[in-house]
Amino acid sequence: MIKIVGKRKPILASGDIVADYEPLFKYWELAKKESKELAEKATLRHEDFEYLLEILSRRKLINLMELLEKLETYMLSRVNAALAAKALKEVYNIEYELEDARRKLARILAGWLIEASNIWGDIRLKGPTHRI
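This is the structure:
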């Protein structure tokens, strides 16, 4: 059986930064079974956009990878490592260390924030983009 991944995208996601949102959808599915609040923590909030704009107010031009790293660190506390590892295992059939899984999901959230901000016109991506 062939499993196609990467088709679904959350609202305000373009796929320009994040190549595959399936781990995030699986994470939400698993998190909702535990608690609604756990799933909601892994969504974008108004404060996230404010934080991104705060970063950019200090530096008008920033390397995409540097921005992703800053936002990944910012998102880490909102991702449950065990659920992230389970979601990634179910989507890709690969075992991830807990911290690696947590970082992977936080990176997806960070990429989604950048995509959403670009769609809203809050930021403008220049040059070639690299999908994660």
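Using my numbering, you'd call the opening residue of the sequence shown number 21 and step up by one each time.
Idealized CB from N, CA, C, for every residue including glycine.
None of the values given here were measured: they were computed from a predicted structure.
With a threshold of 16 other beta carbon atoms within 10 Å, Ala-121 meets it and is buried. In this structure Lys-46 touches Val-111 by the C-beta definition: roughly 5 Å separates them, less than 8 Å. If you draw a 10 Å sphere on the C-beta of Asp-142, you find fewer than 16 other C-beta atoms in it, and that means exposed. Excluding its 5 nearest sequence neighbours in each direction, Glu-117 has C-beta neighbours in its own chain below 8 Å: Ala-105, listed in chain order. The shortest CA-to-CA distance from Lys-29 to any of Met-95, Trp-140, Ile-128, Leu-87 is the one to Ile-128. Using a Cβ distance threshold of 8 Å, Ile-37 and Gly-147 do not count as a contacting pair. Exposure of Ile-31 is indicated by the presence of fewer than 16 other C-beta atoms within 10 angstroms of its C-beta. Assigned with DSSP and collapsed to three states, Gly-131 falls in helix.
When DSSP states are grouped into helix, strand and coil, Ile-75 belongs to the helix group. Taking all protein chains shown into account, Glu-42 has 16 or more neighbouring C-beta atoms within 10 Å of its C-beta and is therefore buried. Per DSSP, reduced to three states, the secondary structure at Glu-115 is coil, with no helix or strand assignment. In this structure, DSSP gives Lys-106 a helical state, which the three-state scheme calls helix.
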